[in-house]
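Chemist: Here's a structure for you.
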Amino acid sequence: MSRQQQFKNREEVILAVAEQLLLESGEGDITLDSLAEQLDLAKGTLYKHFTSKDELFLRIIIRHEQQLLALSEVGDCPAAGVARLTLFQLINPQKAILLNQIEERLANSAVGLNKLFSQLYEIRRERMKRLINTTAEYLQSLHSTMSTRDYLSTIWAMGQGGAGLLNSSFYQRYLGRRDTLRFALVQHILDIPKQYPAAVQSVDAPTGASQSNAATHTANSQTESNLTPRNVK
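So the sequence shown is numbered by our numbering: it starts at 15 and just counts up by one.
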């Protein structure tokens, strides 16, 4: 194994262990000393991979976004893609909430991370394009008049809200089993578009198809326009 490959492998281990320590802490912060001790590495070795703790945290977020991008590839049907999108938020509730909080904190206060934030947003835009296409195809398969923007917003809102419930020890006293709640939320997400009146199909097939494509393009454009990266220091 080359030194370069060894370096990359060690970096992946560092990111994985750091993420796990963050999740275990539940506070969105760890010390590099504790990370080095957990990895049985010298603290200086960490700085060979990351210039600061902020960079380490942002790299963890980028790694998570890359995992989401891989999961967004739909190989069977749009409904399965929508279910996967929802389930990933619900299966990892603490992770989704914690990494979002860390990202907000870094975006508002971190310095010198513009290049990494640009990388994060580029990956996220690519993932969003896939999700927009998947949800649009699912809505069209149901002949639903619900817009892609509204549907994605609903998925995110219910996903974040569901993640909050699943991550709350207090509400667990009233909610019971987590797996049944996850199933109910996913099923509800899949059923929501069915509550909207079916779109009236035009007798003129070419014109109807053109209008459908135009509507999808408009919805996609409106949704993507909201993905403009925030300015960071």
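In this text, a Cβ means the ideal position worked out from N, Cα and C, and glycines have one as well.
#1: So what's serine 48 in DSSP terms, helix, strand or just coil?
#2: Report back the beta-carbon spacing between serine 48 and leucine 60 to the nearest angstrom; my notes put them in contact at under 8 angstroms.
#3: Could you check how far apart the C-beta atoms of arginine 139 and leucine 83 are, in whole angstroms? I think they sit under 8 angstroms.
#4: By DSSP, does serine 123 sit in helix, in strand, or in coil?
#5: Helix, strand or coil for serine 158, going by three-state DSSP, please let me know.
#6: Where leucine 204 and tyrosine 165 are concerned, what is the direct C-alpha to C-alpha distance, given to the nearest angstrom?
#7: As a quick exercise: from Lys57, Ile116, Leu46 and Cys91, pick the residue whose alpha carbon is nearest that of histidine 78.
#8: To the nearest angstrom, report how far apart histidine 157 and cysteine 91 are at their CA atoms.
#9: Measure the C-alpha to C-alpha separation of alanine 56 and lysine 62 and round it to an integer number of angstroms.
#10: Considering only DSSP beta bridges, list what alanine 212 is partnered with.
#11: Near phenylalanine 64, which residues of its chain fall below 7 angstroms by C-beta distance, leaving aside the five closest residues on each side in sequence?
#12: For serine 86, which option in Ile137, Phe131, Arg196 and Glu118 has the closest C-alpha, if you only look at C-alpha atoms?
#13: Taking the beta carbon of glutamate 51 as the centre, do at least 16 other beta carbons fall within 10 Å, making it buried, or is it exposed?
#14: What whole-angstrom Cβ distance do glycine 178 and leucine 104 have, given they're in contact under 8 angstroms?
#15: On the CB-based measure, 16 or more other CB atoms within 10 Å of its CB, does glutamate 41 come out buried or exposed?
Modeler: Once the coordinates are examined:
#1: Residue 48 sits at position 34 when you count from the first residue of the sequence shown. Serine 48: helix per DSSP, three-state reduction.
#2: Numbered from its first residue, the sequence shown carries residue 48 at position 34. Numbered from its first residue, the sequence shown carries residue 60 at position 46. Wrong, their Cβ atoms sit about 11 angstroms apart, outside the cutoff.
#3: To locate residue 139, count along the sequence shown from 1; it is residue 125. To locate residue 83, count along the sequence shown from 1; it is residue 69. Not quite, the Cβ-Cβ distance comes to about 10 angstroms (not below 8 angstroms), so this is no contact.
#4: Along the sequence shown, one-based indexing puts residue 123 at 109. Here serine 123 sits in helix by DSSP.
#5: Against the sequence shown, residue 158 aligns to sequence position 144. The answer is strand: DSSP assigns serine 158 an E or B state.
#6: Taking the sequence shown and counting its residues from 1, one reaches residue 204 at position 190. Taking the sequence shown and counting its residues from 1, one reaches residue 165 at position 151. So the alpha carbons of these two residues sit roughly 10 angstroms apart.
#7: The count along the sequence shown starts at 1 and reaches residue 78 at position 64. Taking only the C-alpha atoms, the option nearest histidine 78 is Ile116.
#8: Counting from 1 along the sequence shown, the entry for residue 157 is found at position 143. Counting from 1 along the sequence shown, the entry for residue 91 is found at position 77. In this structure, the alpha-carbon of histidine 157 lies about 16 angstroms from that of cysteine 91.
#9: On the sequence shown, position 42 is the one that residue 56 refers to. On the sequence shown, position 48 is the one that residue 62 refers to. Looking at the two C-alpha atoms, the distance is approximately 11 angstroms.
#10: Indexing the sequence shown from 1 puts residue 212 at position 198. Alanine 212 is bridged to Ser158.
#11: Taking the sequence shown and counting its residues from 1, the one referred to as residue 64 is at position 50. Closer than 7 angstroms at the Cβ level, and outside the excluded window around phenylalanine 64, lie Leu70 and Arg73.
#12: By one-based count along the sequence shown, residue 86 stands at place 72. With respect to the C-alpha of serine 86, the residue from Ile137, Phe131, Arg196 and Glu118 having the closest C-alpha is Ile137.
#13: Taking the sequence shown and counting its residues from 1, the one referred to as residue 51 is at position 37. It counts as exposed.
#14: What you label residue 178 is simply residue 164 of the sequence shown in a count that begins at 1. What you label residue 104 is simply residue 90 of the sequence shown in a count that begins at 1. That belief does not hold up - the Cβ atoms of glycine 178 and leucine 104 are roughly 11 angstroms apart, past 8 angstroms.
#15: Start at 1 with the first residue of the sequence shown, and residue 41 comes out as number 27. Exposed: under 16 other Cβ atoms inside 10 Å.
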